[in-house]
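In this note's numbering, the protein residues as written are 20 to 168.
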């Protein structure tokens, strides 16, 4: 996507649609959108490329990962603590706060080209109680890579 201010809104719209498609809980969607917005704005403001890349995926059933790339190798930035009357400089501070509040993590690739954030997804309660019988052995079909309980 172009490294332009209008891309932040586009990234938010795509992220919202993707979150709904993946059935991300509504209360976490706002966090995802804030992270996407701030990371995109940071990439557009500080990157030196004509484009940015945005992607999100579920690396496991209980984790959502967001990455924004500006394709500009640089020293990874740090969280700023601007004064109350500063007009900018709060983006990564917000990402840090909302990621921590959600129990997630964030950072940058070693070469500074990608910002990333992982957020935990709520897991469903098990269908059985903790006192239910737990299978003691499994069987495995040698032709199958899966274990069957």
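Think of the CB as a built atom: it goes at the ideal place given N, C-alpha and C, for glycine as much as any other residue. All of these numbers come straight from a predicted model, not from anything done at the bench.
Distance CB(residue i)-CB(residue j) smaller than 8 Å
i	j	result
residue 137	residue 53	no
residue 22	residue 70	yes
residue 110	residue 60	yes
residue 140	residue 43	yes
residue 88	residue 32	no
residue 81	residue 142	yes
Other residues of its chain near residue i: CB distance less than 6 Å, five sequence neighbours each side excluded
i	result
residue 50	117, 121
residue 125	114, 118, 136
residue 74	86
residue 78	84
Reference residue i, options the options, closest by Cα
i	options	result
residue 85	25, 47, 23, 21	47
residue 95	81, 38, 62	62
residue 57	20, 112, 93, 41	112
Backbone CA spacing between residue i and residue j [nearest angstrom]
i	j	result
residue 135	residue 24	20 Å
residue 28	residue 90	20 Å
residue 35	residue 67	27 Å
Delimiting residues of the alpha helix (DSSP H) encompassing residue i
i	result
residue 47	45 to 65
residue 26	25 to 40
residue 140	First-last for residue 140: undefined, no H or E at that position.
Same chain, Cβ closer than 7 Å to residue i, neighbours up to 5 away in sequence not counted
i	result
residue 76	84
residue 92	130, 131, 132
Boundaries (first-last residue) of the beta strand (DSSP E) holding residue i
i	result
residue 72	72 to 79
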